[in-house]
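Input: a single structure, listed below in structure tokens.
In my numbering, the protein residues as written are 98 to 194.
Listed below in structure tokens is the structure:
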């Protein structure tokens, strides 16, 4: 009976040690999983912010293109007005002659 008791005690100690190792591994994996979840959340936030920045940048580029077009058109109008003034002066000069 003593031998059986010693064998059971030995088996219990082996199982208890294996259980402790499994608990330690479980704790380690839980911490790693939590870290990964937090990293995933941080990446999702960064992605959302980057998408917001990209949308804002696209809006600003469209606005800039619109302003550039207006400036170009304004410049063309000024050139036409100058040319028109020159032509009017030539017509006046021709009438005087």
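Even for Gly, the Cβ is constructed at its ideal location relative to N, Cα and C. Fair warning: this is a prediction, and the values are worked out from it, not measured in the lab.
Query                                                                                       : Result
Nearest-angstrom Cα distance between residue 100 and residue 115?                           : 23 Å
Nearest-angstrom Cα distance between residue 138 and residue 111?                           : 40 Å
Reducing DSSP to helix, strand and coil, say where residue 146 ends up.                     : helix
To the nearest angstrom, how far is it from the Cα of residue 192 to the Cα of residue 182? : 15 Å
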